[in-house]
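Everything on this sheet refers to the single structure shown next.
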Amino acid sequence: MREKLFYYGLVTAVAASAITHYAGMSAVLQFCIAGVAIIFVAGFLGKATESVAHYAGERIGGFLNATFGNAAELIIAIVLIQKAVNGETHLFDMVKASITGSIIGNMLLVLGLSVLAGGLKFKSQHFNIKLAGHNASLMILAVIALFIPAVFAKGLTVEHTNTLSIIVSVILILSYLLWIFFSMVTHKEELKDHKETTEEVHSLAPWSLKRSMLFLFIATVLVGFVSEWLVGTIDQFSAKFGLSELFVGAFLIAIIGNAAEHSAAIMMAMKNKMGAAVEIAIGSSLQIALFVAPLLVIISFFMGETMNMVFTTYELVAIGVAVFIAKSISQDGSTNWFEGVLLLVVYVILGIAFYLV
Amino acid sequence: MREKLFYYGLVTAVAASAITHYAGMSAVLQFCIAGVAIIFVAGFLGKATESVAHYAGERIGGFLNATFGNAAELIIAIVLIQKAVNGETHLFDMVKASITGSIIGNMLLVLGLSVLAGGLKFKSQHFNIKLAGHNASLMILAVIALFIPAVFAKGLTVEHTNTLSIIVSVILILSYLLWIFFSMVTHKEELKDHKETTEEVHSLAPWSLKRSMLFLFIATVLVGFVSEWLVGTIDQFSAKFGLSELFVGAFLIAIIGNAAEHSAAIMMAMKNKMGAAVEIAIGSSLQIALFVAPLLVIISFFMGETMNMVFTTYELVAIGVAVFIAKSISQDGSTNWFEGVLLLVVYVILGIAFYLV
Amino acid sequence: MREKLFYYGLVTAVAASAITHYAGMSAVLQFCIAGVAIIFVAGFLGKATESVAHYAGERIGGFLNATFGNAAELIIAIVLIQKAVNGETHLFDMVKASITGSIIGNMLLVLGLSVLAGGLKFKSQHFNIKLAGHNASLMILAVIALFIPAVFAKGLTVEHTNTLSIIVSVILILSYLLWIFFSMVTHKEELKDHKETTEEVHSLAPWSLKRSMLFLFIATVLVGFVSEWLVGTIDQFSAKFGLSELFVGAFLIAIIGNAAEHSAAIMMAMKNKMGAAVEIAIGSSLQIALFVAPLLVIISFFMGETMNMVFTTYELVAIGVAVFIAKSISQDGSTNWFEGVLLLVVYVILGIAFYLV
């Protein structure tokens, strides 16, 4: 029943988005409908990925899930980069803003809502403290990797900045693959909470292998189309409401692109599976910082114009601040409602600051 | 006996301060005597607050104590703001300096002296690790809330900076109220160390309700007068000794204003009630950062000229550094003499740097 | 047997270095051979120090070991400072770069290689969590002490900056001596892992007291000579390969000067004595930051031209980043291979950034 509703929604939203786009209706309408459509197709893409992962066996499946979990964000970003390479270079800034937004959105909004929702139902919730420790160290690596290019860029030529960005990107992707190897092969049992999570998620995928592959293909194509329609209206939409590109990228696009994670994490928290919720929220942030962002740098390099890794001071402060508070709250392996409030408070303060800038 | 001595001191100091003020004696003399008088009237105000809190019942009493524990600093700051609104705008900087000074003074000097004094008597002292964790997260929120306006102010107009400051202030006060609700209602037992503290403090208040209310009123008025006398001499005093306003605000005023906390925390530590000492020191810092400072912003707004939340780089570094070391030292829920030394060393280094600047 | 080989190597390397130096051969050859010779004489100096420490009794011996463990770096730096005082003031920057390099080299490269090497052999390795906590607090003190002068220097005159540097240096050395008193006298048993380490190291010293003293003297003289030969070729060497002095000081000189620590720490880790490895790596970093660096400032003051404590932004970021990740990884008192990878990744990223700048 709920399944059916989802597919009706999916088809309706995509169709409506296509119509508003090709009929050239008002940008605001196009933006809103494409936003709703993206939420549906991203959800569909997530399901298809999980289903394929299900058939790939536990290890490779886990790897697929961990690697393509943010496929929707990746596709949106690639559409933006394509436009940027074709002349609209200011869109590189929007890509970085949306990367920033995805990281802080997952780490503050998704985690904060999950912790708050879970905390209103349960006095305190617990998860694997070892996983929390590793997550914290990886978050710090992510912050370092984003800070170094920005700090050193001031003393570097443009080419050297690009070189540094590409080398750092390659190193980060290798680190991320080693982390997956570590957490899924050599130290799997130690990080067990994590395991339950993926199993939980796996069992949700009931299609045949062939259908899963087909759906994965269709979903990817759909995300690509809808992303392009969405991205095409951003300029007019932000102009209309006097929003900066920084704010649109870091808050609107990021919230839309991560809607699936939001609902999944909150649901897990309310079922008292805080380990799963943390894994979705923090895991997703880490994936963006250590895999998606560097991958985008490398993709832009092969497209002919390198997007460097130099984030603005505002973005770095936002990411640093998010990591700092999320680390402090998650490191004892237990959460309560007030910690959810703290995360949300920081998100709101950042949102207002980005809005005013 | 000791009680009596205190009241003799109180009356003498206030009278002497009034005489030196109205007789227009030398600024240095006025400053010194007003400083001593402030210590007495702040102590008196503290006692009266506790006594009223005692009658208000446990919850509301705890709330009163937690909320008006820094009433003396608040009144001194309001006197400064009043002068600033009436033209001497450079005094806004002194208010911020004294906020900075109160935060680092409590977190480094008061905590450091307590830990050292306790550590010389007991090999290691312990306190509730959950409370330490929450304190750490709140400290980080405080640092974030002070950093964000400073970082974003560079890209904002004056009005937007004021808007950001006011919104952040409202959010912080709400967070602080939620924290009190959390620590005194929903998760009271978990943070039990804290409880003993307030009880301990409560039992010290032996007046009738009527007398308590009367004393609270008298104390508030006295603090107001003496603050005004003290503040009026700062300019001449700092000029005389070649001290910067930053140093006077962040060290002299802050130490004077927090004298009551100093003695209380050290006494607790020497009785091996480290939980109480930490609660006074860190709790007081948090109250200044999350309640007093935002309240001052809002008060200044209603007075007609908003004091924004943009602290200087020196102040932000001092606060950040203090939080960083205090968090590292307190997070294991145990202390020893060397950790007291570390806190004091950082305070001394900051003091010298502020003195030289 | 292995002993003998070491002495043959020592004599050969020193002789070859002397010949290339006095024969005025190519700078690159001189640099390389002097680099190898430094590794041998630093190893010899370390052995002699330990041997003298062995006879000095447990406490004073531990103190000697802890205080002169970085004697080679100290001597290299003094040679550089002497040259700087005699006109080549740019060498002050190289001293600071080599201090930076020693800190991050020990904290990232030595610790990273040890953790990785140990982690490939053992699933997880453990060490005293109390020691880890204290190390973390001391690391934070070190970062603070290096940041404060740099931040405040912008608002200070040159003389005041020197004054601040000297006062901070004296305070740091006193803190370091108190730390040794704390860890070797008042709280020895609590930090026991540490103890085993020093004992382990002690038992390696098999000379008579007289011979130990003689060797200590010879080693010191040798390090002095070879350092001078090495330092004399840096300018030409860096020019030849287009390397910045920052990179040479922070990476090449630092790696050469710390070679002894590298091998010792890795050996300990592979014997599953992770406590000893951590003690060598982190302990050595702390010694450089809290004892060697301030001592150099004071020595330069007595030589007639104060080397201030103002490090460059790049250096501060490198040290801050190293402390941040090392703290996160070591604070749970257990390590695994992936944490070694994380430390090395940060070192490589910093190396590339310093190379490109």
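Residue numbers (the UniProt record's numbering), protein chains in the order written: chain A, 1 to 357; chain B, 1 to 357; chain C, 1 to 357. Beta carbons: idealized from backbone N, C-alpha and C, even for Gly.
- Query: Does residue 21 of chain A get closer than 7 Å to chain C when you measure Cβ to Cβ?
  - Reply: no
Check: For a contact meaning CB atoms closer than 7 Å, what does residue 339 of chain C contact in chain A?
Finding: 137
Q. To which residues of the same chain is residue 20 of chain B closer than 7 Å at the C-beta, ignoring the five residues directly before and after it?
A. 29, 30, 33
**Message:** I'd like the list of long-range same chain contacts for residue 314 of chain C, defined as Cβ closer than 8 Å, with 5 residues on each side in sequence excluded.
**Reply:** 246, 353, 354, 357
Quick check: what's the CA-CA separation for residue 292 of chain B versus residue 260 of chain B? 17 Å
Q: For the region 175-190 of chain C and the region 4-15 of chain C, state whether three or more C-beta atom pairs, one from each stretch, are separated by less than 8 Å.
A: no
Check whether chain B comes within 7 Å of residue 167 of chain C, counting only Cβ atoms and requiring the distance to be less than that.
yes
*asked:* Please identify, using Cβ separations under 7 Å, the residues of the region 320-334 of chain B that lie next to chain C, in order along the chain.
replied: 321, 324, 325, 328, 329, 332
Checklist entry - How long is the line joining the alpha carbons of residue 279 of chain B and residue 114 of chain B, rounded to whole angstroms? => result 11 Å
- Item | Test: residue 352 of chain B CB closer than 7 Å to a CB of chain C | yes
Along the UniProt domain "Sodium/calcium exchanger membrane region" (27-184) of chain C, what residues have a CB closer than 7 Å to any CB found in chain A? none
Does the CB of residue 201 of chain C have a neighbour CB from chain B at under 7 Å?
Residue placement at residue 201 of chain C is poorly supported in this model, since its pLDDT is 48, which falls under 50; the coordinates are not used for a value here.
I need the straight-line Cα distance from residue 236 of chain C to residue 152 of chain C, nearest angstrom please.
35 Å
Task: Neighbouring residues, chain B, relative to residue 365 of chain C (Cβ below 7 Å) - done: Outside the shown range of chain C (1 to 357) lies residue 365 of chain C, about which nothing can therefore be said.
Query - Where residue 314 of chain C meets chain A, residues with beta-carbon distance less than 9 Å - result: 151, 152, 155
Inset, instruction - Can you grab the Cα-Cα spacing for the pair residue 226 of chain C / residue 103 of chain C, in whole Å? - result: 22 Å
Residue-chain proximity (residue 349 of chain C, chain A), Cβ-Cβ < 7 Å: yes
Item checked: Beta-carbon contacts of residue 320 of chain B that lie in its chain and below 7 Å, excluding the five residues immediately before and after -> 143
| said: Looking only at its chain, what residues have a beta carbon closer than 6 Å to the beta carbon of residue 326 of chain B, apart from the 5 residues adjacent to it on each side? | reply: 107
| message | For the pair the region 338-345 of chain B and the region 114-125 of chain B, tell me if three or more CB-CB distances fall below 8 Å. | response | yes
Under a three-way DSSP split, which group does residue 126 of chain A fall into? strand
Does the Cβ-Cβ distance between residue 308 of chain C and residue 165 of chain C come in under 7 Å? yes
**Request:** Report the option in A:172, A:209, A:130 whose CA atom is closest to the CA atom of residue 394 of chain A.
**Result:** Lying before the first or after the last residue shown, residue 394 of chain A is absent from chain A, which here runs from 1 to 357.
List, in order along the chain, the chain C residues whose C-beta lies closer than 8 Å to that of residue 243 of chain B? Chain C residues near residue 243 of chain B: none, gap ~14 Å exceeds 8 Å.
* Asked: Are residue 127 of chain B and residue 274 of chain B close, meaning C-beta to C-beta below 7 Å?
  -> yes
Other residues of its chain near residue 71 of chain C: CB distance less than 6 Å, five sequence neighbours each side excluded: 45
Using beta carbons (cut-off 7 Å, strictly below), is residue 342 of chain B in contact with chain C?
yes
Residue 157 of chain A, DSSP secondary structure in three states = coil
- Query: Beta-carbon separation of residue 110 of chain C and residue 265 of chain C under 7 Å?
  - Reply: yes
| query | Between the beta-carbon of residue 84 of chain B and the beta-carbon of residue 91 of chain B, is there less than 7 Å? | reply | yes
query = For residue 51 of chain B versus residue 207 of chain B, is the C-beta distance shorter than 7 Å?
reply = yes
Beta-carbon proximity check, residue 276 of chain C vs residue 268 of chain C, cutoff 7 Å:
yes
*Can you tell me which of C:76, C:93, C:141 puts its alpha carbon nearest to the alpha carbon of residue 323 of chain C?*
C:141
Chain B within 7 Å of residue 357 of chain A, Cβ atoms only | yes
Subject >> Closer than 7 Å to chain B by CB, residue 14 of chain A >> reply: no
Margin query: Comparing C-alpha positions only, which one of B:74, B:24, B:27, B:54 sits nearest to residue 288 of chain B?
Written below: B:74
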